Amino acid sequence: ADEHGRGKAVFLPFVAEGEQVEAELVEEKPGFARARVKEILAPSPDRILPSCPYFARCGGCHYQHLRYEAQLAAKVGILRETLRRTAKLEWSGEIGAVASPPWEYRNRTRLRLRTTPEFALGYNRFGSAELEPVEKCPISSPLIQRGIALAWELGRARRFREGIREIEFFADTDDARMLVTLLADPRVEATPETEAALAEAIRAALPGVVGVIVAPARPASADPWEAADAPPTAVFGASFLPYAVRAVEYQVSAGSFFQTNRFLTDALVEAVLANHSGALAFDLYAGVGLFTVPLAAKFERVVAVESSSAACRDLRHNAPATVKWREAAVAEFLERSSARPDFVIVDPPRAGLGEKVARALGALAAPRLAYVSCDPATLSRDLRLLLESGYRVEEIRVLDLFPQTFHIESVVQLVVGQGPVVPGSDPRVK
1 ADEHGRGKAV FLPFVAEGEQ VEAELVEEKP GFARARVKEI LAPSPDRILP SCPYFARCGG
61 CHYQHLRYEA QLAAKVGILR ETLRRTAKLE WSGEIGAVAS PPWEYRNRTR LRLRTTPEFA
121 LGYNRFGSAE LEPVEKCPIS SPLIQRGIAL AWELGRARRF REGIREIEFF ADTDDARMLV
181 TLLADPRVEA TPETEAALAE AIRAALPGVV GVIVAPARPA SADPWEAADA PPTAVFGASF
241 LPYAVRAVEY QVSAGSFFQT NRFLTDALVE AVLANHSGAL AFDLYAGVGL FTVPLAAKFE
301 RVVAVESSSA ACRDLRHNAP ATVKWREAAV AEFLERSSAR PDFVIVDPPR AGLGEKVARA
361 LGALAAPRLA YVSCDPATLS RDLRLLLESG YRVEEIRVLD LFPQTFHIES VVQLVVGQGP
421 VVPGSDPRVK
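One point on numbering: in this note's numbering, the residue at position 208 of the sequence shown is 208, and numbering is uninterrupted.
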């Protein structure tokens, strides 16, 4: 409590619910404080020894100290509580949970790279912008882990030129083929011969590599789990990866976003599309068309909207000829469109829909809407507006696309109800 006796939230990482620990404050703010564990006094029965030697130093994982079943239960609980607190949604129904193999699930991994004073490859240190060198990453696919080992080998042999800031590995669903992207500072001049030699060394050592791409580095604030999304400055081999989902092969370029769990992509598509069918569907934030393609088999007409140029090129290639695609911001598209779809899918980035898009969707009042979210906080903020506009929640499901981390992927199915939802009620469809 503060000097006035008011309670204050204390953020304490790497503990489990119900544990007794000795902790010390490391940062204090007016509304909250941060602490770190000094000693575990009474451990939780869910506590286990982390499998990765870098855990708690590396900022990539947060839950390796918990049994996987406890991780999944915690995510369901966090989602339910966030919906109650922010969306004012008292959801007493079941929240379905789809588990993932807890290791080697990532199909895309991006690491920071340093060439001087000595070579190092790794992630940001937990709670810091400093580099934590890592020589393996057990949540990444086996092919990506071989790529990480090769990068260290080439780095120690000084094969990476100055100016390369990051390296990104993107493997296909079978973990047989991979794209490698080198993200370089455009201010540091490079010779084509140097880049070609490095690309050839990577492709010779890893036969599964179908292409090596050089692209401009991104700001340090960029999300480390997202695709590079930058136009390449050089391409050696292929510039895209064929990626199979539900017997459909998608073209996914190095700069295009794609779901990162190689085991649960099929399950995600099934959870979003459910049994919906009809005359017209909107796929908003469509990316390369992961949902667009199967939608086209269930709806007479589909309109797919995506703002990224790189993803739109892939979308145009992947989508059937019957699909209309639009390279536009979702807010602009909804403002201009007069169509009335039967079903809408929204799969926004971590920032969520925002008020403008959420209100536009509420006004659109499509009979059914599926919201795919990777952040419970922005999901809850948006849901509150959708519920106020007359939608009711029909189903909530967590798909654990990010085991060992605190990231929560969820799918919420909504239907237009009879009149507005009263905040605090249980807006389930019976």
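We treat Cβ as the ideally placed atom computed from N, Cα and C, and that holds for glycine. Given the structure is predicted, the values throughout are model-derived calculations rather than measurements.
Using DSSP bridges, identify the partner residues of residue i.
i: I396; result: I95 and V412
i: F299; result: G278
i: E373; result: What sits at residue 373 in the sequence shown is Ser, not Glu. BP columns for S373 point to S410.
i: W325; result: A304
i: E249; result: A244
i: T181; result: E168 and I213
i: D283; result: A304 and I345
i: T109; result: F169
i: S140; result: R106
Would residue i count as contacting chain C if we go by Cβ distances under 8 angstroms?
i: Y285; result: You won't find chain C in this structure, because it holds only one protein chain.
On the criterion of 16 or more Cβ atoms from any shown chain inside 10 Å, does residue i qualify as buried, or is it exposed?
i: A155; result: The displayed chain sequence assigns Gly, not Ala, to residue 155. Under this definition G155 is a buried residue.
i: E465; result: This structure cannot settle anything about residue 465, because the visible part of the chain is limited to 1 through 430.
i: Q20; result: exposed
i: S338; result: exposed
i: A151; result: buried
i: N107; result: buried
i: A310; result: buried
i: V429; result: For V429, the pLDDT reaches just 32, beneath the cut-off of 50, and the residue's location in the model is therefore unreliable, although a value from the coordinates is still provided. Exposed, because fewer than 16 other Cβ atoms sit within 10 Å of the Cβ of V429.
i: E195; result: buried
i: V421; result: Low local confidence applies: a pLDDT of 42 at V421 is under 50, so the model's placement there is unreliable, with the coordinate-based value given in what follows. Buried: at least 16 other Cβ atoms inside 10 Å.
i: S140; result: buried
i: L264; result: buried
i: R336; result: exposed
i: S425; result: Legend: pLDDT at S425 = 44, less than 50; position of this residue unreliable, no value from coordinates given.
i: G352; result: buried
i: P231; result: exposed
i: S410; result: buried
Given a cut-off of 8 angstroms on the beta-carbon distance, is the pair residue i and residue j in contact?
i: L315; j: V346; result: no
i: F11; j: R34; result: yes
i: R340; j: V415; result: no
i: A244; j: V214; result: no
i: E24; j: L41; result: no
i: L143; j: P133; result: no
i: H65; j: R36; result: no
i: T86; j: R350; result: no
i: G362; j: S380; result: no
i: A190; j: R165; result: no
i: R262; j: D175; result: yes
i: F126; j: G59; result: yes
i: D400; j: K75; result: yes
i: P102; j: Y68; result: yes
i: G216; j: P242; result: According to the sequence as given, residue 216 is Pro; it is not Gly. No; because the gap between Cβ atoms is not below 8 angstroms, this pair is not in contact.
i: V272; j: V372; result: yes
i: E104; j: P50; result: no
i: I167; j: L113; result: yes
Between the Cα of residue i and the Cα atoms of the options, which residue gives the shortest distance?
i: A370; options: R161, S253 and V393; result: V393
i: E90; options: L401, I396, E24 and V411; result: I396
i: N124; options: L111, Y391 and V76; result: L111
i: G211; options: L387, F236, S51 and A321; result: F236
i: Q71; options: A254, E17, K38 and T86; result: E17
i: A99; options: V411, V398, T405 and V412; result: V398
i: P31; options: A204, T109 and G7; result: According to the sequence displayed, residue 31 carries Gly and not Pro. Comparing Cα positions, the closest option is G7.
i: L386; options: V412, D400 and C374; result: V412
i: S308; options: C61, F258 and R108; result: F258
i: E270; options: S256, T260, L290 and A254; result: L290
i: F119; options: T322, I202, A319 and R159; result: R159
i: A254; options: D266, V209, T265 and G352; result: V209
i: S128; options: C52, P138 and A56; result: A56
i: A171; options: F240, L182, V188 and A267; result: F240
i: E153; options: A366, I202, Y54 and T265; result: I202
i: L182; options: T173, A157, R218 and A204; result: R218
i: A431; options: A97, A366 and A238; result: One cannot answer for residue 431 here, as it falls past the ends of the chain, which runs 1 to 430.
i: C312; options: S410, S277, N275 and S256; result: S256
i: A73; options: K88, V188 and E94; result: E94
Using a Cβ-Cβ cutoff of less than 6 angstroms, which residues in the same chain neighbour residue i once the five nearest sequence positions on both sides are dropped?
i: P376; result: L79, T82 and I408
i: T405; result: C61 and H62
i: F282; result: V303, P341 and V344
i: A199; result: V212 and F236
For residue i, which residues of its own chain have a beta-carbon under 8 angstroms away from its beta-carbon, when the five flanking residues on both sides are left out?
i: A331; result: G354, K356, V357 and A360
i: R326; result: V303, A304, V305, E306 and F333
i: A296; result: V302, A319, P320, T322 and V323
i: L364; result: L334, R340, P341 and V344
i: T233; result: A184, P186, V214, A215 and P216
Within its chain, find whatever has a CB closer than 7 angstroms to the CB of residue i; leave out the 5 residues flanking it on each side and keep chain order.
i: G147; result: F169, M178, V180 and L206
i: A279; result: F299, E300, R301 and D342
i: H317; result: Q251
i: P348; result: Y285
i: K136; result: Q145 and I148
Is it the case that the CB of residue i approaches a heavy atom of the ligand NAP more closely than 7 angstroms?
i: S140; result: Ligands displayed in this structure: none; no statement on the ligand NAP is therefore possible.
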